[in-house]
Amino acid sequence: MTSTFSPRSPQVLKGAFAIYAPDEEDSDPTVLPFQYNPNQVRRQLKHRAPSNEGEQRGENTPQDMRRVVGPPIETLSMSVELSAADALEAPDDNELVSENGLVPALSALELLMYAPSFQFEQNEQLAADGVVNLEPALLPMVVLVLGASRVVPVHLTSFSVSEETFDKNFNPIKAKVDVTMQVLSYLDVIEGNTQKAIDIFVAYQKRKERLAREHHAQTQVGQRTRNLLPE
-8 MTSTFSPRSP QVLKGAFAIY APDEEDSDPT VLPFQYNPNQ VRRQLKHRAP
42 SNEGEQRGEN TPQDMRRVVG PPIETLSMSV ELSAADALEA PDDNELVSEN
92 GLVPALSALE LLMYAPSFQF EQNEQLAADG VVNLEPALLP MVVLVLGASR
142 VVPVHLTSFS VSEETFDKNF NPIKAKVDVT MQVLSYLDVI EGNTQKAIDI
192 FVAYQKRKER LAREHHAQTQ VGQRTRNLLP E
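Per this note's numbering, the very first residue in the sequence shown carries number -8; after that it's consecutive.
Shown next as structure tokens:
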């Protein structure tokens, strides 16, 4: 997939993943831009299951359906395409790709699903020292960037790769990655970069609210529609 832009074409803002070290609150992110922006992003929002304390005690207590325990659970899914075609046209300038194809780029994406290996090594050492209650490994904090209005912390829930074309050394040179993610709200993070994730999510929701207000202000509603509404 080769990009063909004329000199007059506007510069396209690339989507990206930003990766923060799991246990460093002030760390600078590693930014992983998409080679090509996805053609489609699918999003779903659903309410969290409310905790009905009355039912747990055996009481038949009515509850307003509008009562929610927090923001909805938002999931996103998309396909990210990768191609080594452009880099292979100038192999001397792209030695990493000419020798390994898309394996480095795929590795960078796949590691979003992995906790850093040093955490495993630390736990091994702690176990050898007699520590019994070991903490599960902590994934890095991943922030999805889809334009200025959609910058959100996410947790990757599924990841599948289709390697479609290979070079002479069986390195993939064309691939598609299908990713499903859940947006992390202030209810979903309690360890490692907690405040940063919360701040990013709250800013994301506030942008929604601001843009929605501006949309309402500019939307013309006909009088016939207004007449149908109760006073």
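Positions of the beta carbon are idealized from the N, C-alpha and C atoms, including for glycine.
Quick caveat: nothing in here was measured; it's all calculated off a predicted structure.
- If the five residues before and after R34 are omitted, its C-beta is found closer than 6 Å to the C-beta atoms of L67, all from its own chain and listed in chain order.
- Counting C-beta atoms within 10 angstroms of its own C-beta, K187 has 16 or more neighbours from the protein chains shown and is therefore classed as buried.
- Here DSSP, grouped into helix, strand and coil, assigns M56 to coil.
- Taking C-beta separations shorter than 7 Å and ignoring five residues to either side along the sequence, the partners of K5 in its chain run P24, F25 and N28, following chain order.
- The beta carbons of A96 and L117 sit about 34 Å from each other, so the pair does not count as a contact at 8 Å.
- Runs of the alpha helix (DSSP H) spanning 4 or more residues and lying entirely within the segment 58 to 95 occur at 76 to 79 and 86 to 91, in chain order.
- Assignment of S98 by DSSP, reduced to helix, strand and coil, places it in the helix class.
- Looking at the DSSP output, H146 shares a beta bridge with Q173.
- Residue burial is scored here from C-beta neighbours: M56 has fewer than 16 other C-beta atoms within 10 angstroms and is therefore classed as exposed.
- The C-alpha of V152 is placed about 5 Å away from the C-alpha of V168.
- Around the beta carbon of Y11, 16 or more other beta carbons lie within 10 angstroms, which makes this residue buried.
- Counting along the chain, A7 sits inside the beta strand (DSSP E) bounded by residues A7 to Y11.
- The C-alpha of T171 lies about 9 Å from the C-alpha of S70.
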